[in-house]
Ligand SMILES: C[S@@+](CC[C@H](N)C(=O)[O-])C[C@H]1O[C@@H](n2cnc3c(N)ncnc32)[C@H](O)[C@@H]1O
């Protein structure tokens with residue numbers, strides 16, 4: 001009985017007491033520490049050798065985003081590669097849609113383990129693979145279907161790598177953020193779930209035409 005009344009009193013006191021400066025400072029310090037621990041222990045391990053400007057945090061694609069990516073891949077077949085595959089959801093879904101081999105490249109080891117676990121739990125572990133590799137070092141010369149969900153700052157650099165390496169018949173799908181200098185051949189969805197499809201053949205042709213007309217303009221001036 002005594003215990004009950006003292007607990008009730010404590011709760012009543014907590015309810016009525018306004019937060020003091022030291023309470024706020026403690027909460028802020030606790031939150032900061034939790035965020036820091038999360039960054040150092042879970043998110044950052046993958047980025048140790050990646051320059052700061054190329055680091056992209058983990059944000060999983062929404063269900064609608066995954067659906068939009070799959071819609072843009074309709075009619076395509078063969079291999080699929082997700083660059084920065086996170087928890088592996090795009091790779092897994094693409095494999096469910098018939099793409100094989102389905103490969104995810106991810107720097108964060110925790111996310112690679114999680115992806116493998118999810119593939120094992122759903123019975124796809126023999127048909128999909130997740131590799132702990134830096135996407136900038138992946139040879140894209142044989143990839144036909146590529147998906148990315150990366151930060152805009154990184155996408156401008158990735159355009160160059162893709163134009164230099166991908167075969168003409170490759171299709172690139174970007175989720176959430178479009179490639180800054182490319183023209184999509186199709187767009188699916190709205191807002192943050194939107195996805196853009198780019199034909200490498202068309203893009204390469206446009207880039208060549210643009211640089212030819214620039215050279216001609218320079219010659220005539
Ligand atoms: C925005 S998340 C997208 C995750 C997943 N593709 C999805 O759609 O749910 C970007 C992912 O790229 C990974 N990443 C960033 N830079 C990378 C790099 N250089 N090589 C491999 N993975 C990278 C991050 O660790 C993160 O998991």
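In full-length UniProt numbering, the protein residues as written are 1 to 221.
We treat Cβ as the ideally placed atom computed from N, Cα and C, and that holds for glycine.
In this structure, residue 150 keeps its C-beta atom at 8 Å or more from the C-beta atom of residue 35. Per the Cβ contact rule, the segment 94 to 111 is in contact with the segment 120 to 140 (3 or more Cβ pairs under 8 Å). At least one heavy atom of ligand 1 is found less than 7 Å from the C-beta of residue 175. Counting C-beta pairs with one atom in each stretch, the segment 190 to 202 and the segment 67 to 87 have three or more that are closer than 8 Å, which means they touch. Rounded to the nearest whole angstrom, the C-alpha separation of residue 174 and residue 97 is 18 Å. Per DSSP, reduced to three states, the secondary structure at residue 147 is strand. Distance from the CA of residue 189 to the CA of residue 135, rounded to the nearest whole angstrom, comes to 26 Å.
For residue 171, the enclosing beta strand (DSSP E) stretches over residues 171 to 175. According to DSSP, residue pairing for residue 83 in a beta bridge involves 105 and 148. A check of alpha carbon separations from residue 180 across 95, 156 and 86 identifies 156 as the nearest.
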